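Sequence order for the protein chains is A and B.
Sequential numbering of the first sequence, starting at 1200, is according to the working numbering.
Sequential numbering of the second sequence, starting at 1200, is according to the working numbering.
Where a beta carbon is used, it is the ideal one built from N, C-alpha and C, also for glycine.
Computed from a predicted structure; not experimentally measured.
Number of protein chains: 2
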Amino acid sequence: MNKHLGGQSIKFAEPVSIVSAASVVGSKEGEGPLSRYFDVILSDILAGKKSWEKAESEILRQSLELAVKKADTELDKIDYIITGDLLNQNTGSTYGAMDLQRPMFAVFGACSTIGEALSLGAVFVDGGFAHTVLAGASSHFCAAEKQFRFPLELGTQRPPSSTWTVTGAGSFVLSKDGEAPFITGVTTGKIVDMGVKDQNNMGAAMAPAAADVIAAHFRDFKRTPGYYDCIITGDLGTVGKELLIKLLDAEGFDISKNHTDCGIEIFNPEIQDTHAGGSGCACSAVTFAGYFYSKLKKREINRVLFVPTGALLSPVSFMQGENIPSIAHAVVAENKR
Amino acid sequence: MNKHLGGQSIKFAEPVSIVSAASVVGSKEGEGPLSRYFDVILSDILAGKKSWEKAESEILRQSLELAVKKADTELDKIDYIITGDLLNQNTGSTYGAMDLQRPMFAVFGACSTIGEALSLGAVFVDGGFAHTVLAGASSHFCAAEKQFRFPLELGTQRPPSSTWTVTGAGSFVLSKDGEAPFITGVTTGKIVDMGVKDQNNMGAAMAPAAADVIAAHFRDFKRTPGYYDCIITGDLGTVGKELLIKLLDAEGFDISKNHTDCGIEIFNPEIQDTHAGGSGCACSAVTFAGYFYSKLKKREINRVLFVPTGALLSPVSFMQGENIPSIAHAVVAENKR
């Protein structure tokens, strides 16, 4: 049976249950407005480890194991783990997932990673290739700053358009059996390059990719923005949000009433000095796993379009003068099948 | 329908045609024993670009486009691109695939990447989630040495156990419609960590992961090594090959008669000074796309187990004293459905 809608989208024949969601975050995230929605708030940015990178893996491991526990299942029932992160050669995932000893696909979509992991996981479950999949993504503020920008010790001043990488990991158990919410469809992004070169303005780099995949989603599914209670982008922040709304308006889609962004939800910039918002793979992963999943479970919202957004740069590509292309992947989560 | 065999394996209900395979390699690979099997041999290690990283993306782009051309199809018929590489934040793939403007999943499995890409691609096609998928992987000797070891200008001496990263990219078009060979099953690897810490002995690091997934494959499919004309690992080289045969022998599987390794096939170490063999994402990708795919097409071989192998380290994880865990993914290619 052909489940591909044409265009960039898949509509699932047997919607995939998001059985559980787990979020582990750092102390700064724990001081933000979503504090009460997170499962674990770490007091130690090193999570008891000797480096930021090892801490990121530890945080991912904790969130993966917690998602399994909250799903009331066992590790040996997990057919596949699908995870990714921002670190070089995906070591956040490697060292974070390896102790779980399950068949594993590592993925990379920069900060859109959880969108890619949920999309692939839902395909495996819906297609009968797996009964249960564990999907997750992580990031760590200190490790990301070291990787992408300047050593923290330099105390470099951050421009107002910059975002703050979320320390944390969000994980989900997807299964053939289970209750609402369900993943009912996905729209997969193309890489969009609008010529942005400023690594301190990721919102502007990513907004066109978000607009592109959201517009493709509406066209493929023949839906309008009003179908959704919330359209939730990943980490556009305040700068990217404004741009996204304008870009989609030009395509004839008004999302100004029901759009929000995980990067805007997770911090209070006036108190927390986070400038344009949160970012990083964990930003959308923990905000969806903590806040939006909880609202879906309580039926405060019933239909969401979750669109994690990723800026596909490396320190090397940036230094070599490449643009910062971006990608975004849309996942539909609904309380009805 | 449940296509998951249990364990770590999937058997496809409607085998997926490998419609085309394309290989683009550097001049050193073009001087090796497989020279006549490669589609394009570049004379310029920079592929006309200004950096090794940009060259890697260019090589991937060429191989992706060539695979589409050889499949006698058009880019707009490609439902998904699935690619990966060794560079930080997968920039080989980002800049290599972005001009093709198709929905995209980037993956990371170090040098096992083409195994992951083919596995996911076959799942999409068999499950009816895509009609046609383009899968590829790339690596570049100079970019990889810069990324993982020492600047080339240092002229560091390489120990006999070291391997030589293949410059090139191999790409495949997978489709619902098409002729043999077909992907008929996959077995997905777990991360295996045997405590190896020597980044100049990747063969020893990866052999346990290859042994683990091959043994799982035989158990899940209830097959013995004799089922296959060839069991082809990715880049174990001579050191890893010996270890793999011993490890599987201890599990009761004798693969000594039909095992080969892409890293051993691709270079002539006595003339080419490549020590233990070839490595890198491109090693298995181009050797399979060039050499083994051609032998399958000519029916010189009819059943192969293709097992790309990956060492999951980063320069940071290595410097922080972490072990080098590994993963391998097995793909069954057969001339009968």
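What I want to know is whether the C-beta of residue i ends up closer than 7 Å to one or more non-hydrogen atoms of the ligand COA.
i: valine 1365 (chain B); result: Ligands displayed in this structure: none; no statement on the ligand COA is therefore possible.
Nearest to residue i by alpha carbon, out of the options?
i: alanine 1414 (chain B); options: B:Met1401, B:Val1385, B:Gly1326, B:Lys1268; result: B:Val1385
i: serine 1226 (chain A); options: A:Asp1397, A:Val1412, A:Cys1341, A:Glu1352; result: A:Cys1341
i: proline 1358 (chain B); options: B:Ser1337, B:Val1438, B:Gly1377; result: B:Val1438
i: alanine 1409 (chain B); options: B:Glu1441, B:Gln1398, B:Glu1378, B:Thr1383; result: B:Glu1441
i: glycine 1433 (chain B); options: B:Phe1452, B:Cys1461, B:Lys1445; result: B:Cys1461
i: methionine 1405 (chain B); options: B:Leu1245, B:Phe1349, B:Gly1369, B:Gly1308; result: B:Gly1308
i: serine 1338 (chain A); options: A:Leu1504, A:Ala1254, A:Val1412, A:Glu1264; result: A:Ala1254
i: lysine 1345 (chain B); options: B:Ser1513, B:Val1218, B:Ile1281, B:Ile1313; result: B:Ser1513
i: alanine 1529 (chain B); options: B:Glu1264, B:Asn1287, B:Val1412; result: B:Val1412
i: proline 1524 (chain A); options: B:Lys1202, B:Gly1295, B:Asp1284; result: B:Gly1295
i: glycine 1509 (chain B); options: A:Phe1304, A:Ser1216, A:Asp1298; result: A:Phe1304
i: serine 1292 (chain B); options: B:Ile1526, B:Thr1282, B:Ala1488, B:Ala1527; result: B:Thr1282
i: leucine 1446 (chain A); options: A:Ile1463, A:Met1393, A:Gly1489, A:Gly1476; result: A:Met1393
i: lysine 1276 (chain A); options: A:Asp1284, A:Ala1266, A:Leu1285; result: A:Ala1266
i: aspartate 1278 (chain B); options: B:Leu1299, B:Asp1238, B:Gln1261, B:Asp1284; result: B:Leu1299
Could you tell me which residues DSSP puts in a beta bridge with residue i?
i: arginine 1502 (chain B); result: B:Glu1533
i: glycine 1384 (chain A); result: A:Lys1210, A:Val1531
i: aspartate 1284 (chain B); result: B:Ser1337
i: tryptophan 1363 (chain B); result: B:Gly1477
i: threonine 1459 (chain A); result: A:Ile1431
i: glycine 1308 (chain B); result: B:Cys1310
i: tyrosine 1279 (chain B); result: B:Val1332
i: valine 1215 (chain B); result: B:Ile1382
i: valine 1239 (chain A); result: A:Val1223
i: serine 1493 (chain B); result: Partner(s): none; serine 1493 (chain B) has no beta bridge.
i: isoleucine 1526 (chain B); result: B:Gly1509
i: serine 1262 (chain A); result: None, per the DSSP bridge assignment.
If we cut at 8 Å on Cβ distances, does residue i have a partner in chain A?
i: valine 1395 (chain B); result: no
i: tyrosine 1294 (chain B); result: yes
i: methionine 1401 (chain B); result: no
i: histidine 1330 (chain B); result: yes
i: phenylalanine 1323 (chain B); result: yes
i: arginine 1260 (chain B); result: no
i: tyrosine 1279 (chain B); result: yes
i: threonine 1423 (chain B); result: no
i: valine 1506 (chain B); result: no
i: glutamine 1519 (chain B); result: yes
i: serine 1219 (chain B); result: no
i: lysine 1253 (chain B); result: yes
i: glycine 1354 (chain B); result: no
i: valine 1515 (chain B); result: yes
How close, in whole Å, do the beta carbons of residue i and residue j come, if the pair is a contact with beta carbons under 8 Å?
i: alanine 1343 (chain B); j: glycine 1479 (chain B); result: 6 Å
i: aspartate 1325 (chain A); j: phenylalanine 1211 (chain A); result: 4 Å
i: alanine 1336 (chain B); j: alanine 1481 (chain B); result: 6 Å
i: histidine 1330 (chain B); j: lysine 1375 (chain B); result: 5 Å
i: valine 1218 (chain B); j: glycine 1377 (chain B); result: 4 Å
i: alanine 1347 (chain A); j: glutamine 1398 (chain A); result: Per the sequence presented here, residue 1347 (chain A) reads as phenylalanine, with alanine not at that position. Confirmed, about 7 Å.
What three-state label does DSSP hand residue i in the structure shown?
i: leucine 1204 (chain B); result: strand
i: methionine 1303 (chain B); result: strand
i: isoleucine 1470 (chain B); result: helix
i: alanine 1484 (chain B); result: helix
i: valine 1332 (chain A); result: strand
i: phenylalanine 1189 (chain B); result: A question about residue 1189 (chain B) goes unanswered here, because the residues of chain B that appear run from 1200 up to 1536.
i: valine 1395 (chain B); result: coil
i: leucine 1274 (chain A); result: helix
i: serine 1222 (chain A); result: strand
i: leucine 1512 (chain A); result: coil
i: leucine 1245 (chain A); result: coil
i: phenylalanine 1417 (chain B); result: helix
i: glycine 1369 (chain B); result: strand
i: serine 1250 (chain B); result: coil
I'd like to know if residue i contacts chain B, where contact means its C-beta is closer than 8 Å to some C-beta of that chain.
i: asparagine 1287 (chain A); result: yes
i: isoleucine 1390 (chain A); result: yes
i: serine 1338 (chain A); result: no
i: glycine 1335 (chain A); result: no
i: phenylalanine 1349 (chain A); result: no
i: glutamine 1207 (chain A); result: yes
i: alanine 1575 (chain A); result: Absent from the model: residue 1575 (chain A). The displayed extent of chain A is 1200 to 1536, so no value can be given.
i: threonine 1290 (chain A); result: yes
i: alanine 1309 (chain A); result: yes
i: lysine 1456 (chain A); result: no
i: isoleucine 1526 (chain A); result: yes
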